[in-house]
Amino acid sequence: MKIAVIKETGAANNISGEARVAATPEAVKFYVAGGHKVSVTKGAGKKAHFSDADYQAAGASLSASNDACVKAADFVMSINGGTKALITKMKKGAGIFGLMNPTDQPDYAKACAKAGVTAYAAEYIPRISRAQSMDILSSQSNLAGYRSMVEAAAIYGRAFPMMMTAAGTIAPAKAFIMGAGVAGLQAIATARRLGAVTTATDVRPAAKEQVASLGAKFIAVENEEFKEAETAAGYAKQMSPEYQKLQAELMAKHIAKQDIVITTALIPGRPAPKLIDKAMIKSMKPGSVLVDLAVERGGNVAGVKSGEIIETAGGVKIVGILNWPSRMAADASALFARNIRNFLPLITAKDGSYAPNWDDEIIQGCALTKDGAVVHERLK
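If you count the sequence shown from 1, position 144 lands on 255 in this note's numbering, and the numbers rise without skipping.
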């Protein structure tokens with residue numbers, strides 16, 4: 112198989128300054144050892160601290176541009192799916208893999224179909240046990256949760272742990288994480304390592320045990336409705352207006368006492384739910400920090416601005432930084448590359464050629480296009 116690794120522009124998902132790369136030199140070495148030919152666009156790994164010389168040493172050839180890189184490729188590895196213009200440079204029948212944000216840009220899938228290119232959306236890989244090693248959303252969210260808490264600590268500008276000195280005692284910071292998914296759990300663990308008094312909430316009853324296992328306190332209205340708030344598949348049910356009101360009142364009281372709040376409620380393809388309103392923000396102490404990890408979908412926090420850090424009249428800083436994994440490009444790239452490496456057998460024949468296994472539920476779940484048509488149910 113001929114594999115292409117492109118230089119990211121972020122243009123496909125409207126993300127500027129993308130620093131990650133879809134394959135590391137280590138991954139390239141593995142592909143070459145397996146009999147594949149790998150072409151890498153010059154400078155593809157520079158922002159992640161992987162040089163062109165590193166890729167050449169691993170056995171890759173270098174291409175002068177993305178267009179040249181993908182021209183003869185059977186399979187293109189990308190972070191953000193490349194651009195519609197790049198798709199037109201690919202050969203008919205080839206495949207491309209990446210985070211494609213397909214519901215927000217349906218024209219991208221149409222462009223792939225028109226070019227006869229099979230697009231595999233990493234975010235649509237089914238959440239089944241066999242696909243855990245391919246779960247890019249989890250690997251990248253894990254880093255996002257860590258980095259968001261570290262940067263929150265820097266922006267906060269005060270000590271996180273309790274410090275006892277001859278000059279007096281510094282009280283520990285109070286950190287609250289809203290949402291105990293992959294990003295939230297890593298944010299909790301990081302806050303605990305830094306020494307903060309840590310609390311968290313989630314709408315799923317099963318999250319209480321996970322939060323407690325990390326040494327944090329779980330905050331929620333734990334009535335009978337809460338106990339039945341999870342489906343058999345592990346997803347949260349829609350709560351009644353009465354429960355939502357009780358939960359909002361509890362959250363408002365708790366948030367007023369916090370120094371750091373990180374929100375993580377993000378639903379792919381849908382607007383982010385509003386969790387923190389202006390009144391809650393106004394109740395927080397000057398110097399407090401709110402980090403919104405859902406800003407890419409409109410945000411969980413009232414007044415958050417995409418890509419910016421703003422300060423309210425009351426001295427509360429609201430952080431709307433985008434693309435947290437890219438701020439840890441080397442590690443994020445390494446994990447992304449391992450996810451794709453685990454996906455590769457599903458599109459590889461026994462002789463090493465490109466041959467998607469269309470009987471596999473993982474391929475069926477993430478393929479947006481096939482044989483010149485858009486086939487994914489979410490896009491029809």
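Where a beta carbon is used, it is the ideal one built from N, C-alpha and C, also for glycine.
Taking only three categories from DSSP, how would you classify residue i?
{"i": "Phe161", "result": "coil"}
{"i": "Phe141", "result": "helix"}
{"i": "Asn125", "result": "Note that Asn125 scores 49 on pLDDT, short of 50, meaning its location in the model is unreliable and no value can be drawn from it."}
{"i": "Ser417", "result": "coil"}
{"i": "Gly425", "result": "coil"}
{"i": "Thr459", "result": "strand"}
{"i": "Leu173", "result": "strand"}
{"i": "Thr301", "result": "helix"}
{"i": "Gly256", "result": "helix"}
{"i": "Gly206", "result": "strand"}
{"i": "Ala367", "result": "coil"}
{"i": "Ile378", "result": "coil"}
{"i": "Glu119", "result": "coil"}
{"i": "Lys319", "result": "helix"}
{"i": "Ala448", "result": "helix"}
{"i": "Lys491", "result": "coil"}
{"i": "Asp470", "result": "coil"}
{"i": "Met439", "result": "helix"}
{"i": "Gln216", "result": "coil"}
{"i": "Glu333", "result": "coil"}
{"i": "Asn453", "result": "helix"}
At the level of alpha carbons, what is the spacing between residue i and residue j?
{"i": "Phe141", "j": "Leu455", "result": "12 Å"}
{"i": "Asn191", "j": "Leu173", "result": "20 Å"}
{"i": "Ala443", "j": "Pro136", "result": "14 Å"}
{"i": "Asp178", "j": "Lys153", "result": "12 Å"}
{"i": "Lys481", "j": "Asn450", "result": "22 Å"}
{"i": "Ile373", "j": "Gly204", "result": "43 Å"}
{"i": "Val149", "j": "Ile198", "result": "18 Å"}
{"i": "Asp388", "j": "Ser351", "result": "19 Å"}
{"i": "Leu479", "j": "Arg408", "result": "21 Å"}
{"i": "Asn125", "j": "Leu377", "result": "Because Asn125 carries a pLDDT of 49, less than 50, the predicted location of this residue cannot be relied on, and the following value inherits that uncertainty. Approximately 18 Å, taken between the alpha carbons."}
{"i": "Ala327", "j": "Ala311", "result": "7 Å"}
{"i": "His53", "j": "Ser250", "result": "In this structure the chain extends from 112 to 491, so residue 53 is not present and cannot be described."}
{"i": "Lys491", "j": "Leu446", "result": "31 Å"}
{"i": "Asp462", "j": "Asn434", "result": "38 Å"}
{"i": "Ala284", "j": "Ala134", "result": "39 Å"}
{"i": "Val322", "j": "Asp163", "result": "43 Å"}
{"i": "Arg304", "j": "Ala282", "result": "16 Å"}
{"i": "Arg269", "j": "Glu422", "result": "17 Å"}
{"i": "Gly279", "j": "Met273", "result": "11 Å"}
{"i": "Pro217", "j": "Ile247", "result": "21 Å"}
{"i": "Tyr166", "j": "Ala405", "result": "34 Å"}
{"i": "Gly128", "j": "Ile432", "result": "12 Å"}
{"i": "Met275", "j": "Lys368", "result": "22 Å"}
{"i": "Met260", "j": "Lys195", "result": "35 Å"}
Are residue i and residue j close, meaning C-beta to C-beta below 8 Å?
{"i": "Tyr465", "j": "Met112", "result": "yes"}
{"i": "Arg258", "j": "Arg438", "result": "yes"}
{"i": "Ala317", "j": "Thr309", "result": "no"}
{"i": "Arg315", "j": "Ala286", "result": "no"}
{"i": "Ala115", "j": "Val139", "result": "no"}
{"i": "Ile207", "j": "Ala175", "result": "no"}
{"i": "Val430", "j": "Ile420", "result": "yes"}
{"i": "Ala220", "j": "Ala255", "result": "no"}
{"i": "Ser324", "j": "Gly292", "result": "no"}
{"i": "Gly209", "j": "Gly227", "result": "no"}
{"i": "Ala224", "j": "Gly483", "result": "yes"}
{"i": "Phe271", "j": "Ala307", "result": "yes"}
{"i": "Ala233", "j": "Ala440", "result": "no"}
Return the bridge partner residues of residue i from the DSSP annotation.
{"i": "Ile387", "result": "Val412"}
{"i": "Val402", "result": "Ile373 and Val430"}
{"i": "Ala478", "result": "Tyr231"}
{"i": "Lys328", "result": "Thr310"}
{"i": "Met274", "result": "Ile281"}
{"i": "Ala484", "result": "Lys481"}
{"i": "Ile114", "result": "Val149 and Phe186"}
{"i": "Met201", "result": "In DSSP, Met201 forms no bridge with anything."}
{"i": "Ala286", "result": "Thr309 and Ile371"}
{"i": "Tyr465", "result": "Thr459"}
Regarding residue i and the ligand ADP, is the C-beta to nearest heavy atom distance less than 7 Å?
{"i": "Ser417", "result": "The ligand ADP is not among the ligands present in this structure, which contains no ligands whatsoever."}
Short of 6 Å in beta carbon distance, which residues of its chain neighbour residue i, apart from the five on each side in sequence? Order them along the chain.
{"i": "Val400", "result": "Ala263, Ile266, Tyr267, Ile371 and Lys428"}
{"i": "Val132", "result": "Ala155, Gly156, Ala159 and Ser444"}
{"i": "Ser417", "result": "Val406 and Gly431"}
Please go through the same chain and pick out, in chain order, the residues whose beta-carbon is closer than 7 Å to the beta-carbon of residue i, but skip the five residues on each side of it.
{"i": "Val332", "result": "Tyr354, Leu357, Gln358 and Leu361"}
{"i": "Val181", "result": "Ala115, Ile117, Val187, Leu197, Lys200 and Met201"}
{"i": "Lys319", "result": "Phe329"}
{"i": "Ala448", "result": "Ala133, Ala134, Thr135 and Ala138"}
{"i": "Gly290", "result": "Asp313, Thr374, Thr375 and Ala376"}
Please return the same chain residues whose Cβ sits closer than 8 Å to the Cβ of residue i, not counting the five positions on each side in sequence.
{"i": "Ile366", "result": "Phe287, Val372, Ile387, Met391, Ser394 and Met395"}
{"i": "Ile473", "result": "Ile236, Pro237, Ile239, Arg241, Ala242, Met245, Phe454 and Leu457"}
{"i": "Asn468", "result": "Leu457, Ile458 and Ile474"}
{"i": "Val486", "result": "Ala478, Leu479 and Thr480"}
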